[in-house]
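Report on one structure; see the data block that follows.
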Amino acid sequence: MTGSLKKMKTETALIAVCAADLVAFAALKVSPGFFAGIIGILALVMTGYLPVKLQAKLGSLAVLTLVFTLGFASKASGDIFFIGLIGILVVLIRTDRAPVWTKVLIGAAILLASIPFAGFKDTFLFELAIQIGIFAAMAMGLNVVVGMAGLLDMGYTAFFAIGAYTWGIFGSPQAHSFMAGHFPLNGNLMFLFMGLAVLATALTGIIIGLPALRLRGDYLAIVTLGLGEVIRVLANNMDHPVNITNGPQGITPVSRPDIGWFRSALSAIGVPLDARTDYQLFFYFLVLLVIGIVIVVNINLGKSKFGRAWVAIREDEIAARSMGIPMIKTKLYAFATGAAFSGAMGVIFAAQRTFVSPETFTMLQSTTILGMVVLGGMGSIEGAILGAASLTILNIDLLKGFSEYLNELKQGGTVIFGYHLSSLPSQLDPAKYERLVFGLVIIFMMIFRPTGLLPERRRKAEEAEDDDDIPEITETGKGGQS
Amino acid sequence: MLDSLLSLLPQILFEGLLLGFVYAMIALGYTMVYGVLELINFAHSEIFMIGAVAGVEIFRSLSNIIHNGYLLLLVAIVVGGLVSGLVAIAMERFAYRPLRRRGTTNRLVPLITAVGVSFVLQDLVRLIEALWHNEFFLRMASVSDLEGSVTVLGIFIQYKSIVVIVVSLAMLAGLNLLVNKTRLGTAIRTVAQDMDTARLMGINPDRVVSSTFFIGGSLGGVAGVLFALQYTTISPYSGFLPGIKAFTAAVLGGIGNIPGAMVGGLVLGELETLAGTYLPTLTNGTIGTEYKDIIAFLVLILLLLFRPQGLLGQIVKEKV
């Protein structure tokens, strides 16, 4: 497809993109809703793939940002506009030659203005954005383990659970049941506990990793799988004889940091907050901040001595060892780093939900995060973010939406090809089949595109060396300038 | 106190033996596939689960037609084994073979695919059961002539438990014959040793791999039917725990080693049952029976620390 697109004249492409943007705008005016969102996304796809000049591309992205943001005002089908905004971010990241300031400008407009605006209109979108953020940070953490170092960690949620319980127990009255002191602890201590959780999970990672990492990679997979199960069993059963985790009931309420300063700061710049959205907005910004830190840490790790050693181990363990890379130490470092990211996110998760229960931390959760890394591209940071966004939206928005739609059809007595939908079994609820969807995503990615949607740059460079096949997205702009 | 603990011992050892045979049969599937492909087939736990579900369905639909419990069980075992074996072949054909064809060197790729396959199979079974019966937590129908029991030497033995042991022993003996005495067995061992050389010797590795998946899969399927018979409740997700434990059993015996998987299964079954009964008594209920699921994991960790090659395995040097 892209081959023929590249031959397209720059002028034709420009006209096509402009027309698409105009149509999207018009659609928004005529009927703001799902339909307009789809047209906007089509325009976005054209912007991403057609060989237009860089300026035109950025201009079109800015226009589409406006279109999607205005779409939220319509209240209905906010999710489709939300997906559009995520899409713009992806195209923006992959537009290599864009000046940094434009990237920052459009990115900041989306992250700091459009999405909060959407969240005020529909709190579900806030929830969605926070979930995406938490998962994106975890996917980037797992990416260090799986993508960079090539170690398969199948119990990643175990570390998430350790983090969540670290704060869950001490940030709630739960700690009374086994020790003296004044609980719940002040919510502001949450930030301290993020540090503690990092230490605790990194230590657990080292204890678990030490026996498993001496052997071939497959053993690590099964040991981490077991670890995930052990943590779940412990969380479920450590309510007797001493009640530490409160068992299957879970722990609630978990304190949150004090945000008086945040409220007054925002009202000073003219954004009044109500009790419904203040914590949502706070956690949204907190997650954004953490993601920012994680990205910086990730990029620097990738460039560091350890990062290069990880890639070397991933590519050829024996060659790496003969180059003098200390095998166990380097692998342990990757494993513990990934674990630490997950632990820190666990603390935020516990505070944001104000509720911790063993049910959250399942094998399904671990595999979902693995699926995010695989879908986005192992080793690729932006891939991990894209993977997290797609699977989270798919899971808590699209599948649930489809379920609700199906239910409406059933109750409305719809008939398709002479088959009464109302006679469908009640167990047939699409939202319950996320394993099927994730499983298929993983299998198809592995068979047809093992490098993921947004392959790691290092791999892309290798592929470009191997044959002269030009990588897809990043190079499309080049055709326009020649 | 000690007397009461000791008087329980024969019964517990017997229960452990039952569980151990089930683990041994599942473990064989892991170990055989690992032997030929060096792949941990995570989806094998789902092959086991599919066998169990097939067994439950046979009992459900045929118990009104076939009144002899043993005949019914025979049908269930044959069907369960066949269905599981065929699913295993299909899985290999559509998920793993494309990866082999492409000649990927990244070891993670097949492993991750196996995780995906496992998820797809779980929900496919759930989907089928939802469309068919509108429920997916299944109970094995009880057939009266399998439910009887005798007491031998103070051990309470159900007839169906005897069946479990007899069938397992027969299957294990049959597998030993197959692997050691037949042409197919020789071919499997050859491919396990060196796939490229086997190809030069005129063996079609794809056929051998398919047969290996079928044999391992049907053993897992039969184990599933026996598991359902013994423990009665089954869901699309009940393969996970026995699967991970059976894998531990395979590692315990030395992965890739067929007698090792049998020994490992039996040892793990006994350990788990002993720990599950004695730990709560010895610790006054501080450590409940629920913790028995952790035993397998602890065994695995200790094993990796002190004897990673397993009880019967040998250390394999990685070739450059």
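Chains Y and U supply the protein sequences, listed in that same order.
So that you can map any letter, position 448 of the first sequence is 447 in numbering that gives the first Met the number 0, and since no number is skipped, the others follow by simple counting.
So that you can map any letter, position 202 of the second sequence is 201 in numbering that gives the first Met the number 0, and since no number is skipped, the others follow by simple counting.
Even for Gly, the Cβ is constructed at its ideal location relative to N, Cα and C.
Here the structure is a predicted model, which is why all the values come from computation and not from measurement.
Proximity of proline 492 of chain Y and isoleucine 300 of chain U at Cβ, strictly below 8 Å | Absent from the model: residue 492 of chain Y. The displayed extent of chain Y is 0 to 481, so no value can be given.
Evaluate the contact criterion for the segment 268-277 of chain U versus the segment 31-51 of chain U: three or more CB pairs, one atom per stretch, below 8 Å.
-> no
Could you give the residue range of the beta strand (DSSP E) that holds serine 148 of chain U?
-> 148-151
Could you check which residue in U:Ile187, U:Val224, U:Gly242 has the C-alpha nearest to that of isoleucine 214 of chain U?
-> U:Ile187
Minimum Cβ-Cβ distance from proline 449 of chain Y to chain U less than 8 Å = yes
Measure the Cβ-Cβ separation of leucine 251 of chain U and glycine 173 of chain U and say whether it is below 8 Å.
-> no
Can you find a CB in chain Y that lies within less than 8 Å of the CB of tyrosine 277 of chain U?
-> no
Inter-residue spacing [alpha-carbon to alpha-carbon] between serine 402 of chain Y and isoleucine 395 of chain Y = 11 Å
Cβ-based neighbour list, phenylalanine 182 of chain Y, same chain, cut-off 6 Å, excluding 5 preceding and 5 following = Pro172, Ala174, His175
Using Cβ-Cβ distances below 9 Å, what residues of the segment 432-444 of chain Y are close to chain U?
-> Tyr432, Glu433, Arg434, Leu435, Val436, Phe437, Gly438, Leu439, Val440, Ile441, Ile442, Phe443, Met444
Taking only beta-carbon positions, decide if glycine 382 of chain Y is within less than 8 Å of chain U.
-> no
Helix, strand or coil: which one does DSSP assign to arginine 275 of chain Y?
-> coil
So tyrosine 332 of chain Y and threonine 244 of chain Y are in contact, right, with Cβ under 8 Å, and what is the actual spacing, rounded?
-> Not confirmed; about 30 Å, so no contact.
Pairwise C-alpha distance: serine 59 of chain Y and glycine 479 of chain Y | In this prediction, glycine 479 of chain Y scores a pLDDT of 37, lower than 50, which makes its location untrustworthy; the coordinate-derived value is nonetheless stated afterwards. Glycine 479 of chain Y and serine 59 of chain Y: Cα-Cα distance of roughly 15 Å.
Cβ neighbours of threonine 211 of chain U in the same chain (closer than 7 Å, five flanking residues each side left out) = Met31, Val32, Val35, Ile187
Verify the CB distance criterion: does glycine 287 of chain U have a CB-CB separation below 8 Å to chain Y?
-> yes
Smallest Cα separation from glutamate 455 of chain Y: which of Y:Thr361, Y:Asn142, Y:Ala15, Y:Met445?
-> Y:Asn142
For the 8 Å Cβ check, are there 3 or more pairs between the segment 115-124 of chain U and the segment 76-85 of chain U?
-> no
Which whole runs of the alpha helix (DSSP H) in the segment 83-143 of chain U are 4 residues long or more, in chain order?
-> 96-101, 107-132
Ordered along the chain, which non-local residues of its own chain (more than five positions away) have a Cβ less than 8 Å from that of methionine 200 of chain U?
-> Thr189
Using beta-carbon positions only, say whether leucine 84 of chain Y and isoleucine 114 of chain Y come within less than 8 Å of one another.
-> yes
Taking only beta-carbon atoms, is glycine 225 of chain Y less than 8 Å away from chain U?
-> yes
So, is the C-beta of glycine 149 of chain Y closer than 8 Å to a C-beta in chain U?
-> yes
Name, please, each residue of chain Y whose Cβ falls closer than 8 Å to the Cβ of glutamate 134 of chain U.
-> Gln426
Going by other Cβ atoms of all chains shown within 10 Å of its Cβ, with 16 needed for buried, is valine 16 of chain Y buried or exposed?
-> buried
Could you tell me if leucine 70 of chain U is buried or exposed, where buried requires 16 or more neighbouring beta carbons within 10 angstroms of its beta carbon?
-> exposed
Where glycine 411 of chain Y and lysine 52 of chain Y are concerned, what is the direct C-alpha to C-alpha distance, given to the nearest angstrom?
-> 50 Å
Alpha helix (DSSP H) segment containing glutamine 192 of chain U, residue limits | 182-192
Does the segment 306-323 of chain Y come within contact of the segment 154-169 of chain Y, defined as at least 3 CB pairs closer than 8 Å?
-> no
Taking the C-alpha atoms as reference points, what is the distance between methionine 24 of chain U and alanine 75 of chain U?
-> 17 Å
Can you give the beta carbon distance from leucine 18 of chain U to leucine 218 of chain U, rounded, assuming they're within the 8 Å contact cut?
-> Wrong, their Cβ atoms sit about 16 Å apart, outside the cutoff.
When you check each C-beta in the segment 189-216 of chain Y against every C-beta of chain U, which residues fall closer than 7 Å?
-> Pro210, Ala211, Leu214, Gly216
Using the rule of at least 16 other Cβ atoms within 10 Å of the residue's Cβ for burial, across every protein chain shown, is phenylalanine 347 of chain U buried or exposed?
-> With chain U covering only 0 through 319, there is no way to say anything about residue 347 of chain U.
Cα-Cα separation between tryptophan 166 of chain Y and serine 341 of chain Y, rounded to whole angstroms = 13 Å
Which residues in the same chain as isoleucine 327 of chain Y place their Cβ atom closer than 7 Å to its Cβ, once the five residues preceding and following it in sequence are excluded?
-> Leu212, Arg213
Shortest alpha-carbon distance to threonine 336 of chain Y belongs to which of Y:Ala430, Y:Gly194, Y:Val44, Y:Pro271?
-> Y:Gly194
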